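Undergrad: Input: one structure, supplied below.
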Amino acid sequence: MIPYGRQEITQHDVDAVVEVLQSDFLTQGPKVPAFEKKVAEHVGARFGVAVNSATSALHIACAALGLSEGDWLWTSPVTFVASANCGLYCGARVDFVDIDPATYNLCPQALEKKLKRAEAEGKLPKIVVAVHLCGQPCDMAAIKTLADRYGFRVIEDASHAIGGKYRGEFVGNGRYSDITVFSFHPVKIVTTAEGGMAVTNDPELAADMELLRSHGITRDPSRMTHEPDGPWYYQQVDLGFNYRMTELQAALGVSQMDRLDSFVAQRHELAKRYDNLLADLPLTVPFQHPDSYSGLHLYVVRLHLTGAGPSHRQVFESMREQGIGVNLHYIPVHTQPYYAAMGFSPEDFPEAMRYYREAISLPMFHGLTFEQQDTVVAALTKAITA
């Protein structure tokens, strides 16, 4: 089976993890801050806060921005559920903004229309989570302009986009948002096995997220209610969580970051080759906006099938039967039973549903060989024309 995504682990990665196993620290040692520094410096942010998953990073980002009961969080319906769930974790209400039909990201025009209605109804969002689907950045300049006009905060869910660029600058530099979140799950561009990070340029937000990732406990006297009782002293000053990253994960991340640029460059080479190989098939290859340099975590095609031929499901199943581990990213969040129970209907966001009915994620990962890619294209051709 050729998977849709997979990690690359080298001997250098293994040695980095073994070194930690043989050290004095398996958690809360020097590797986590080293990883935070490496990621933050690479993307051009001042601070990085490493945690055990991107979901955790989204949660503490929302909490640090003060999201709470009675507030609204808006995001794209075409994303993993975590982009919306992070709002619910804070007691807020969640709504969605339909996608741009070309980029599949949250549509700025749809956002502006919805903001105008929400302002009239007194239901403006406190936070908008802009998801960089497949690694392609959203139109962040347009979203930032709307944020300034309507007063909401912006989180970039860049779980797919580390190494990507917007207008020539790395995603995560903080020019257009308050906080950016990255994922280091095994199928992502670089991995820490499991893990995530929030980056920001705001020292107060960084300090709050550091506090929240570790039970709300501090050893910083400046954050305590009184002078420490002694050098052993700590205080819980907020209700935090156990979201810490281990030293083993961070060591793997530091090693992987050395190859980030080459990982993304290889994905672009593969994407260009896919574009050429698939040119004659009835499908749309991924559009790349001229303002963006995608991280290309995913390569999603949209099928244009006729009633006389195979269905979307039949093509998907045929690919799996031929040993190609295709996937579908994602089932629109508002159609999930938990969200449907809140009153959402599938057709509330028609562009998202059109996307869902046509999309298939083809294998895309550093290490995918041209021979494997040819096998993928041959299987897709067979599935569509059978």
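The working numbering puts the first residue of the sequence shown at 1057, with every later residue one more than the last. Using N, Cα and C, we set each Cβ at its ideal position, and we do this for glycine too. Source: prediction; values computed, not measured.
Helix, strand or coil, according to DSSP, for F1238 in the structure here?
TA: Here the question's residue 1238 lines up with position 182 in the sequence shown. Reduced to three states, the DSSP call for F1238 is strand.
Undergrad: Please name the residue or residues paired with V1047 in a DSSP beta bridge.
TA: A query on residue 1047 cannot be resolved here, the shown segment of the chain reaching from 1057 to 1442 and no further.
Undergrad: Find the nearest neighbour of Q1429 within the set H1390, S1348 and K1328, judged by alpha-carbon distance.
TA: Your numbering for residue 1429 matches position 373 in the sequence shown. Per the Cα distances, K1328.
Undergrad: Quick one: grab the DSSP three-state call for V1357.
TA: The residue you call residue 1357 lines up with position 301 of the sequence shown. In the structure shown, V1357 sits in a strand (DSSP, three-state: E or B).
Undergrad: Any idea what DSSP makes of R1223, helix, strand or coil?
TA: By 1-based counting over the sequence shown, the position of residue 1223 is 167. Coil at R1223, not helix or strand.
Undergrad: Is the beta carbon of I1245 sitting closer than 8 Å to the one on I1218?
TA: Counted from its first residue, the sequence shown places residue 1245 at position 189. Counted from its first residue, the sequence shown places residue 1218 at position 162. Yes, these two residues count as a Cβ contact at 8 Å.
Undergrad: Could you give the distance in angstroms between the alpha-carbon of A1158 and the alpha-carbon of K1438?
TA: Residue numbering aside, residue 1158 sits at position 102 when the sequence shown is read from its first letter. Residue numbering aside, residue 1438 sits at position 382 when the sequence shown is read from its first letter. Using only the alpha carbons, I get a separation of about 26 Å.
Undergrad: In terms of residues, what are the limits of the beta strand (DSSP E) holding S1417?
TA: Looking up residue 1417 in the sequence shown gives position 361. Here the beta strand (DSSP E) through S1417 covers A1415 to L1418.
Undergrad: Buried or exposed: where does P1181 fall if 16 or more other Cβ atoms within 10 Å of its Cβ makes it buried?
TA: Position 125 of the sequence shown holds residue 1181. When all chains shown are included, P1181 counts as buried.
Undergrad: Write down every uninterrupted run of the alpha helix (DSSP H) in the region 1288 to 1323 whose length is 4 residues or greater and which is fully enclosed by it, in chain order.
TA: For the region 1288 to 1323, the full-length alpha helix (DSSP H) segments reaching 4 residues or more read 1303 to 1313 along the chain.
Undergrad: Would a C-beta distance cut-off of 8 Å place I1183 and L1114 closer than the cut-off?
TA: Residue 1183 sits at position 127 when you count from the first residue of the sequence shown. Residue 1114 sits at position 58 when you count from the first residue of the sequence shown. Going by C-beta atoms, I1183 is not nearer than 8 Å to L1114.
Undergrad: Who are F1152's beta bridge partners in DSSP?
TA: In the sequence shown, residue 1152 corresponds to position 96, counting from 1. Partner(s): T1131.
Undergrad: What's the C-alpha gap between V1095 and C1118?
TA: The residue labelled residue 1095 in the question sits at position 39 within the sequence shown. The residue labelled residue 1118 in the question sits at position 62 within the sequence shown. One C-alpha to the other measures close to 21 Å.
Undergrad: Quick check: M1253 and G1104, are their CB atoms within less than 8 Å of each other?
TA: By 1-based counting over the sequence shown, the position of residue 1253 is 197. By 1-based counting over the sequence shown, the position of residue 1104 is 48. In contact: M1253 and G1104 (Cβ atoms closer than 8 Å).
Undergrad: What are the residues that DSSP puts in a beta bridge with A1254?
TA: The sequence position of residue 1254 within the sequence shown is 198, counting from 1. Per DSSP, V1105 and V1237.
Undergrad: Sorted by chain position, which residues of the same chain lie with C-beta nearer than 7 Å to D1195's C-beta, five sequence neighbours on each side aside?
TA: Here residue 1195 corresponds to residue number 139 of the sequence shown, with the count starting at 1. Result list for D1195: P1164, in chain order.
Undergrad: Is it the case that the CB of V1070 approaches a heavy atom of the ligand ADP more closely than 7 Å?
TA: For the structure depicted, the ligand ADP is absent and the ligand set is empty, with no information on it obtainable.
Undergrad: Does the Cβ of V1088 have 16 or more other Cβ atoms within 10 Å, making it buried, or fewer, making it exposed?
TA: By 1-based counting over the sequence shown, the position of residue 1088 is 32. V1088 comes out buried.
Undergrad: List the endpoints of the continuous alpha helix (DSSP H) containing S1079.
TA: Taking the first residue of the sequence shown as position 1, residue 1079 is located at position 23. Premise fails: S1079 is in no alpha helix (DSSP H) and is neither H nor E.
Undergrad: Going by other Cβ atoms of all chains shown within 10 Å of its Cβ, with 16 needed for buried, is W1130 buried or exposed?
TA: One-based indexing of the sequence shown puts residue 1130 at position 74. By the Cβ-count criterion, W1130 is buried, with 16 or more other Cβ atoms from all chains shown falling within 10 Å of its own Cβ.
Undergrad: Does DSSP put N1229 in a helix, a strand or coil?
TA: In the sequence shown, counting from the first residue as 1, residue 1229 sits at position 173. Three-state result, N1229: coil.
Undergrad: How far does the alpha helix (DSSP H) with S1139 in it extend, from its first residue to its last?
TA: Within the sequence shown, residue 1139 is the residue found at index 83, counting from 1. Counting along the chain, the unbroken alpha helix (DSSP H) around S1139 starts and ends at A1138 to Y1145.
Undergrad: Using the Cα positions of P1366 and A1106, report the straight-line distance between them to the nearest angstrom.
TA: Reading the sequence shown from its first residue, position 310 is the one you call residue 1366. Reading the sequence shown from its first residue, position 50 is the one you call residue 1106. Distance between the alpha carbons of P1366 and A1106 is about 45 Å.
Undergrad: Tell me which same chain residues have a C-beta within less than 7 Å of the C-beta of H1324, skipping the five on either side of it?
TA: Locating residue 1324 in the sequence shown gives position 268, counting from the first residue. Excluding positions up to five away in sequence, the list reads L1352.
Undergrad: Using the Cα positions of E1277 and P1402, report the straight-line distance between them to the nearest angstrom.
TA: For the purposes of this step, residue 1277 is taken as residue 221 along the sequence shown, with counting starting at 1. For the purposes of this step, residue 1402 is taken as residue 346 along the sequence shown, with counting starting at 1. Checking the sequence, you will find Pro at residue 1277 rather than Glu. Each residue's Cα considered, the two are about 51 Å apart.
Undergrad: Please identify the residue among L1162, V1150 and I1155 whose C-alpha is closest to the C-alpha of K1179.
TA: Reading the sequence shown from its first residue, position 123 is the one you call residue 1179. Comparing Cα-Cα distances from K1179 to each of L1162, V1150 and I1155, the minimum goes to V1150.
Undergrad: What are the partner residues of I1116, as DSSP defines its beta bridges?
TA: As a first step, residue 1116 is located in the sequence shown; it is residue number 60 there, counting from the start. I1116 is not bridged to any residue.
Undergrad: Closer than 8 Å is the cut-off here; do at least three beta carbon pairs connect the region 1362 to 1381 with the region 1262 to 1278?
TA: Cβ pair count under 8 Å is below three, so no.
Undergrad: Going by beta carbon distance, what residues of the same chain come within less than 6 Å of T1236, once the five residues before and after it are set aside?
TA: For the purposes of this step, residue 1236 is taken as the residue at position 180 of the sequence shown. Closer than 6 Å at the Cβ level, and outside the excluded window around T1236, lie E1212, A1214, G1228 and V1255.
Undergrad: Hey, out of L1167, A1176 and G1191, whose CA is closest to A1198's CA?
TA: For the purposes of this step, residue 1198 is taken as the residue at position 142 of the sequence shown. With distances taken between Cα atoms, A1198 lies closest to L1167.
Undergrad: Pick out whichever of D1317, E1092, R1279 and Y1412 has its Cα sitting closest to the Cα of D1154.
TA: Along the sequence shown, read from residue 1 onward, the residue named residue 1154 stands at position 98. Answer by Cα proximity: Y1412.
Undergrad: Taking only beta-carbon positions, decide if G1296 is within less than 8 Å of chain D.
TA: Of the protein chains in this structure there is only one, and it is not chain D.
Undergrad: Beta carbon of V1371, beta carbon of I1440: below 8 Å?
TA: Working through the sequence shown from its first residue, we reach residue 1371 at position 315. Working through the sequence shown from its first residue, we reach residue 1440 at position 384. Yes, the pair counts as a contact, with Cβ atoms nearer than the cut-off.
Undergrad: Quick test of the definition: if touching needs 3 or more C-beta pairs under 8 Å, does the region 1416 to 1432 touch the region 1352 to 1362?
TA: yes
Undergrad: How many Å lie between G1230 and G1100 at the Cα?
TA: By 1-based counting over the sequence shown, the position of residue 1230 is 174. By 1-based counting over the sequence shown, the position of residue 1100 is 44. Approximately 8 Å, taken between the alpha carbons.
Undergrad: In whole angstroms, give me the CA-to-CA distance for D1331 and P1393.
TA: The residue you call residue 1331 lines up with position 275 of the sequence shown. The residue you call residue 1393 lines up with position 337 of the sequence shown. Distance between the alpha carbons of D1331 and P1393: 36 Å.
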